[in-house]
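For the sequence shown, position 16 matches number 16 in UniProt numbering, and the numbering has no gaps at all.
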Amino acid sequence: MIRFKNFSEAEAHDYFELIRMLYPQFVSGKDIEVINSPGKITFLSQGLNQVFHLPEGIDFQERRRRIKSYILNSLQIQERVSSKFGILTGVRPIKLIIGLLDRFSPDQLLNYLKDYYCIEDLMARFLISVALKEKSYFDSIDPKGYSVYIHIPFCPSRCDYCSYPIIKSSNKDKLQAYVDTLLSEIKSYRHLKKSPTSIYIGGGTPTSIGESQLERILKTSRQVFGQGMEFTVEAGRPDTLTGPIFSCLKEYGVTRISINPQTMQDKTLSRLNRRHSVEEFLKAFYEAKQLDFSINVDLILGLPGENSLEMMDSLNRVMALDPDNITVHTLSLKNGSRLFQEQEYYTNSEIISKLINHVYQGLGNKGYKPYYMYRQKRTLGNGFNAGYSKEGRESIYNMLMMDEQQSILGFGMSSSSKFYYPESNRLEKVLQYKNLRDYQEHWQDKNSLKQAYMEDFKW
Numbered sequence: 001m002i003r004f005k006n007f008s009e010a011e012a013h014d015y016f017e018l019i020r021m022l023y024p025q026f027v028s029g030k031d032i033e034v035i036n037s038p039g040k041i042t043f044l045s046q047g048l049n050q051v052f053h054l055p056e057g058i059d060f061q062e063r064r065r066r067i068k069s070y071i072l073n074s075l076q077i078q079e080r081v082s083s084k085f086g087i088l089t090g091v092r093p094i095k096l097i098i099g100l101l102d103r104f105s106p107d108q109l110l111n112y113l114k115d116y117y118c119i120e121d122l123m124a125r126f127l128i129s130v131a132l133k134e135k136s137y138f139d140s141i142d143p144k145g146y147s148v149y150i151h152i153p154f155c156p157s158r159c160d161y162c163s164y165p166i167i168k169s170s171n172k173d174k175l176q177a178y179v180d181t182l183l184s185e186i187k188s189y190r191h192l193k194k195s196p197t198s199i200y201i202g203g204g205t206p207t208s209i210g211e212s213q214l215e216r217i218l219k220t221s222r223q224v225f226g227q228g229m230e231f232t233v234e235a236g237r238p239d240t241l242t243g244p245i246f247s248c249l250k251e252y253g254v255t256r257i258s259i260n261p262q263t264m265q266d267k268t269l270s271r272l273n274r275r276h277s278v279e280e281f282l283k284a285f286y287e288a289k290q291l292d293f294s295i296n297v298d299l300i301l302g303l304p305g306e307n308s309l310e311m312m313d314s315l316n317r318v319m320a321l322d323p324d325n326i327t328v329h330t331l332s333l334k335n336g337s338r339l340f341q342e343q344e345y346y347t348n349s350e351i352i353s354k355l356i357n358h359v360y361q362g363l364g365n366k367g368y369k370p371y372y373m374y375r376q377k378r379t380l381g382n383g384f385n386a387g388y389s390k391e392g393r394e395s396i397y398n399m400l401m402m403d404e405q406q407s408i409l410g411f412g413m414s415s416s417s418k419f420y421y422p423e424s425n426r427l428e429k430v431l432q433y434k435n436l437r438d439y440q441e442h443w444q445d446k447n448s449l450k451q452a453y454m455e456d457f458k459w
């Protein structure tokens with residue numbers, strides 16, 4: 001249990017999030033206490049008793065920064081694990097770094113990140129390189145434009161690490177009703193005159209819904225939105241990719257797909273309830289490559305029962321396939337997933353922390369450069385998720401969505417619409433219902449909110 005004494009609720013929450021982001025194992029099983037006293041902070045945990053004195057006259061922001069650094073220092077002493085991100089929290093660090101590039105040169109920013117946020121040198125350089133890549137792209141697009149996200153919450157089965165609200169694609173009645181509602185929502189935007197920068201159909205596993213339903217969605221999307229610079233469909237599970245599905249994707253102008261084995265170890269796939277084999281992934285990958293799709297492949301570090309050699313073997317085998325993009329996730333123990341419920345942490349956090357550096361170097365040696373990244377809570381080894389790309393093959397949508405530099409129109413259950421006002425750097429959100437019945441019966445209510453914001457834009 002983590003206890004904070006004599007702090008405001010907001011301040012205590014801020015420090016709790018730091019601990020949870022850095023060391024998820026403290027969320028359960030260990031006790032720590034942080035005490036706020038006049039002029040000092042006391043950190044207590046299992047025999048460790050540290051007192052830090054706060055300088056007089058510092059403002060609230062500097063006080064909070066120092067307390068975070070004290071907590072970090074204490075945890076590093078006790079856990080003997082370094083923190084790549086220092087005291088930096090939040091899921092979108094690149095968004096912060098891009099803003100700081102307006103104030104600092106890259107060299108100045110490197111020193112600032114290391115001194116102010118206590119970020120390790122290699123990670124600071126990594127963050128700056130990603131921010132520079134994204135900034136060069138953002139400077140070339142219309143910030144008043146928009147992109148489209150369409151959510152398909154259907155999957156063949158639930159993977160053990162997944163916490164998303166999904167519906168089994170075998171439920172044909174719910175599938176038919178969902179697609180009918182989704183198409184009604186999309187068709188209500190026929191008045192749009194401007195095409196989106198990018199279109200992204202995600203899930204779930206969109207390709208699990210069958211050729212006929214997928215064709216309805218793709219056909220309507222093209223009729224309403226036209227063809228953006230990039231059109232992505234998550235084909236996640238290779239066992240859902242058939243010849244007719246590939247033909248459907250090609251016919252309606254899909255340019256990019258994601259085929260995600262998550263690991264190249266069959267024993268792990270079976271353990272995770274993935275229900276496909278490495279051989280099935282390879283078959284789908286080669287067929288997609290012959291059809292000239294731009295392909296992304298997802299891998300996860302820290303899956304149950306895998307050691308560092310097996311994880312690097314998966315990476316090496318995927319790099320040998322030469323996809324345009326490789327996205328490397330670090331296992332996040334999410335509420336609602338079986339792995340979190342059973343507290344199966346499996347992989348030592350220190351192993352993951354070291355492995356992340358090897359992954360970065362290995363990908364770089366093969367010509368893959370990081371182009372977007374984000375963090376999640378309860379991530380093993382204080383890790384993160386990052387997309388790596390061959391030069392010029394970056395995913396437009398991933399950059400725009402993750403660092404919120406353009407409006408996103410979201411469609412479907414659980415989707416998010418974000419309206420970006422570049423003049424004031426303001427973001428307004430409309431969240432669609434997460435429950436299927438609520439979405440089907442009340443999607444128009446959320447649609448009215450979206451349409452109201454759209455009056456501010458010339459789309």
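No residue lacks a Cβ here, since even glycine has one placed at the ideal position from N, Cα and C.
Check your understanding: In terms of residue numbering, what span does the alpha helix (DSSP H) encompassing residue 173 cover?
Key -> For this step, residue 173 is matched to residue 173 along the sequence shown. Segment 172–187, the alpha helix (DSSP H) holding residue 173.
Exercise for review: May I have the straight-line CA-CA distance separating residue 321 from residue 53, to the nearest angstrom?
Suggested key: Reading the sequence shown from its first residue, position 321 is the one you call residue 321. Reading the sequence shown from its first residue, position 53 is the one you call residue 53. Taking the straight line joining both Cα atoms gives about 55 Å.
Exercise for review: Indicate the three-state DSSP secondary structure (helix, strand or coil) for residue 6 in the structure shown.
Suggested key: Walking along the sequence shown from the start, residue 6 turns up at place 6. Coil.
Check your understanding: Can you tell me the Cα-Cα spacing of residue 328 and residue 319, whole angstroms?
Key -> Mapped onto the sequence shown, residue 328 falls at position 328. Mapped onto the sequence shown, residue 319 falls at position 319. Straight-line Cα distance between these residues: approximately 12 Å.
Check your understanding: Span of the alpha helix (DSSP H) holding residue 84?
Key -> Working through the sequence shown from its first residue, we reach residue 84 at position 84. Unbroken run through residue 84: none, as it is neither H nor E.
Review point. In the DSSP assignment, what residue or residues form a beta bridge with residue 147?
Key: Walking along the sequence shown from the start, residue 147 turns up at place 147. Answer by DSSP bridge pairing, in chain order: 408.
Review point. For residue 387 versus residue 150, is the C-beta spacing smaller than 8 Å?
Key: As a position in the sequence shown, residue 387 is number 387, starting the count at 1. As a position in the sequence shown, residue 150 is number 150, starting the count at 1. Not closer than 8 Å, so no.
Review point. Which of the three DSSP states, helix, strand or coil, is assigned to residue 234?
Key: Taking the sequence shown and counting its residues from 1, the one referred to as residue 234 is at position 234. Reduced to three states, the DSSP call for residue 234 is strand.
Point to revise | Rounded Cβ spacing between residue 406 and residue 141 (contact assumed at less than 8 Å) | key: As a working mapping, residue 406 is identified with position 406 in the sequence shown. As a working mapping, residue 141 is identified with position 141 in the sequence shown. Contact holds; Cβ gap of about 7 Å.
**Study point:** beta strand (DSSP E) segments (min. 3 residues) lying fully within the segment 189–254
**Key:** 198–203 and 230–234
Check your understanding: Taking C-alpha atoms, which residue in 137, 403, 277 and 43 lies nearest to residue 263?
Key -> Sequence index remark: in the sequence shown, residue 263 carries index 263 (1-based). Comparing Cα positions, the closest option is 277.
Practice item. Return the residue from the list 253, 410 and 304 that minimises the CA-CA distance to residue 267. Key: As a working note, residue 267 is residue 267 in the sequence shown. Cα-wise, what sits closest to residue 267 is 304.
Check your understanding: What's the call for residue 58, buried or exposed, on a 16-neighbour Cβ count within 10 Å?
Key -> Counting from one through the sequence shown, the residue named residue 58 turns up at place 58. Classification for residue 58: exposed.
Review point. By how many angstroms is the C-alpha of residue 416 removed from the C-alpha of residue 452?
Key: Here the question's residue 452 lines up with position 452 in the sequence shown. Here the question's residue 416 lines up with position 416 in the sequence shown. Residue 452 and residue 416: Cα-Cα distance of roughly 15 Å.
Check your understanding: Thinking C-beta only, is residue 356 closer than 8 Å to residue 330?
Key -> Within the sequence shown, the letter at position 330 stands for residue 330. Within the sequence shown, the letter at position 356 stands for residue 356. Against a cut-off of 8 Å, the Cβ pair of residue 356 and residue 330 comes out as a contact.
Check your understanding: Which residues mark the beginning and the end of the alpha helix (DSSP H) in which residue 311 is found?
Key -> For the purposes of this step, residue 311 is identified with residue 311 of the sequence shown, where counting begins at 1. Residue 311 -> alpha helix (DSSP H) spans 308–321.
Practice item. Tell me where the beta strand (DSSP E) around residue 42 begins and ends. Key: As a first step, residue 42 must be located in the sequence shown, where it is residue number 42. Here the beta strand (DSSP E) through residue 42 covers 40–45.
Check your understanding: If you run the structure through DSSP and keep just helix, strand and coil, what is residue 379?
Key -> What you label residue 379 is simply residue 379 of the sequence shown in a count that begins at 1. DSSP places residue 379 in strand when its eight states are reduced to three.
Check your understanding: Roughly how many whole angstroms lie between the Cα atoms of residue 434 and residue 77?
Key -> Taking the first residue of the sequence shown as 1, we reach residue 434 at position 434. Taking the first residue of the sequence shown as 1, we reach residue 77 at position 77. Those two C-alpha atoms are separated by around 42 Å.
Point to revise | Cutoff 7 Å; reference residue 138; Cβ partners in own chain excluding five residues on either side | key: By 1-based counting over the sequence shown, the position of residue 138 is 138. Closer than 7 Å at the Cβ level, and outside the excluded window around residue 138, lie 405.
Check your understanding: Should residue 171 be labelled buried (16 or more other beta-carbon atoms within 10 Å of its own) or exposed?
Key -> Position 171 of the sequence shown holds residue 171. Exposed, because fewer than 16 other Cβ atoms sit within 10 Å of the Cβ of residue 171.
Exercise for review: Note down the Cα distance separating residue 228 from residue 8, rounded to an integer number of angstroms.
Suggested key: As a first step, residue 228 must be located in the sequence shown, where it is residue number 228. As a first step, residue 8 must be located in the sequence shown, where it is residue number 8. Going from the Cα of residue 228 to the Cα of residue 8 covers about 47 Å.
Point to revise | C-alpha distance - residue 99 paired with residue 173, whole-angstrom precision | key: Counting from one through the sequence shown, the residue named residue 99 turns up at place 99. Counting from one through the sequence shown, the residue named residue 173 turns up at place 173. About 47 Å.
Practice item. Just tell me which of 280, 385 and 392 has its CA closest to the CA of residue 94. Key: Numbered from its first residue, the sequence shown carries residue 94 at position 94. Per the Cα distances, 385.
Exercise for review: Pick out whichever of 208, 203, 11 and 369 has its Cα sitting closest to the Cα of residue 393.
Suggested key: Residue 393 sits at position 393 when you count from the first residue of the sequence shown. Comparing Cα-Cα distances from residue 393 to each of 208, 203, 11 and 369, the minimum goes to 369.
Point to revise | First through last residue of the alpha helix (DSSP H) which encompasses residue 447 | key: The residue labelled residue 447 in the question sits at position 447 within the sequence shown. It spans 436–454 - the alpha helix (DSSP H) in which residue 447 sits, taken as one unbroken run.
Check your understanding: Pick from 359, 169 and 279: whose alpha carbon is nearest that of residue 310?
Key -> As a working mapping, residue 310 is identified with position 310 in the sequence shown. Closest option to residue 310, Cα to Cα, is 359.
**Study point:** Bridge-paired residues (DSSP) for residue 299
**Key:** To locate residue 299, count along the sequence shown from 1; it is residue 299. 262 and 328.
Point to revise | CA-to-CA distance, residue 396 to residue 402, given in whole angstroms | key: On the sequence shown, position 402 is the one that residue 402 refers to. On the sequence shown, position 396 is the one that residue 396 refers to. Between residue 402 and residue 396, the C-alpha separation is close to 10 Å.
Exercise for review: Can you check DSSP and say which residues form a bridge with residue 387?
Suggested key: As a position in the sequence shown, residue 387 is number 387, starting the count at 1. Note: residue 387 sits in a beta bridge opposite 327 and 372.
Review point. Which one or two residues does DSSP pair with residue 426 in a beta bridge?
Key: Indexing the sequence shown from 1 puts residue 426 at position 426. Residue 426 is bridged to 421.
**Study point:** DSSP state of residue 120 mapped onto helix, strand, coil
**Key:** Working through the sequence shown from its first residue, we reach residue 120 at position 120. DSSP places residue 120 in coil when its eight states are reduced to three.
Point to revise | Close Cβ partners of residue 362 (< 8 Å) along its chain, the five nearest in sequence each way excluded | key: What you label residue 362 is simply residue 362 of the sequence shown in a count that begins at 1. Within the same chain, residue 362 has close Cβ partners 312, 315, 316 and 319.
Point to revise | CB-CB length for residue 196 against residue 148, believed under 8 Å | key: Looking up residue 196 in the sequence shown gives position 196. Looking up residue 148 in the sequence shown gives position 148. Residue 196 to residue 148, Cβ: 5 Å. Contact.
Review point. Would a C-beta distance cut-off of 8 Å place residue 130 and residue 371 closer than the cut-off?
Key: Residue 130 sits at position 130 when you count from the first residue of the sequence shown. Residue 371 sits at position 371 when you count from the first residue of the sequence shown. Closer than 8 Å, so yes.
Review point. So the beta strand (DSSP E) residue 290 belongs to, where does it begin and stop?
Key: Stepping through the sequence shown from its first residue, residue 290 is reached at position 290. Taken as a continuous stretch (DSSP letters only), residue 290 belongs to no beta strand (DSSP E), being part of the alpha helix (DSSP H) at 278–290.
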